[in-house]
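*Asks:* Quick one: the structure is below, and I'll ask about it shortly.
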Amino acid sequence: MAAVAIASQKNKFINKHFGSCPRVLCRGQAVLPVGRSDIACQDGVYLYCPKCGDIYVPKSYRTACTLALPAVVV
Ligand SMILES: [Zn+2]
Numbered sequence: 008m009a010a011v012a013i014a015s016q017k018n019k020f021i022n023k024h025f026g027s028c029p030r031v032l033c034r035g036q037a038v039l040p041v042g043r044s045d046i047a048c049q050d051g052v053y054l055y056c057p058k059c060g061d062i063y064v065p066k067s068y069r070t071a072c073t074l075a076l077p078a079v080v081v
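In this text, residue positions in the sequence shown follow the working numbering: the first is 8, and each later residue adds one.
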């Protein structure tokens, strides 16, 4: 992934562009988009909370898919 793309994702993460963790204990921790495939939207995009370590299914798949490009591959 290009450095520019990583910087862009970092700024979006800081600004909670991808949303925040639904858990009360995480106190609105920003989540990161993650995918299990290099090909965007092929295997779904999920939201990862670095605080509790859980992965959530986005409320709107299409929205998350668009927001997540390029997704962090785990
Ligand atoms: Zn969390």
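For every residue, glycine included, the Cβ atom is placed at its ideal position computed from N, Cα and C.
Quantities reported herein were computed from a predicted structural model and do not represent experimental measurements.
1) List the whole-angstrom C-beta distance separating residue 42 from residue 51, where the pair is believed to meet the contact cut-off of C-beta under 8 Å.
2) In the DSSP output, what is residue 62 paired with across the bridge?
3) What is the DSSP secondary structure of residue 12, reduced to helix, strand or coil?
4) For the candidate residues 65, 20, 38, 18, whose alpha-carbon lies nearest to that of residue 27?
5) Taking buried to mean at least 16 other C-beta atoms within 10 Å of its own C-beta, is residue 65 buried or exposed?
*Replies:* Let me spell this out:
1) About 7 Å; that satisfies the 8 Å criterion.
2) DSSP lists 55 as partners of residue 62.
3) Three-state result, residue 12: helix.
4) Comparing Cα positions, the closest option is 38.
5) It is buried - the Cβ of residue 65 has at least 16 other Cβ atoms within 10 Å.
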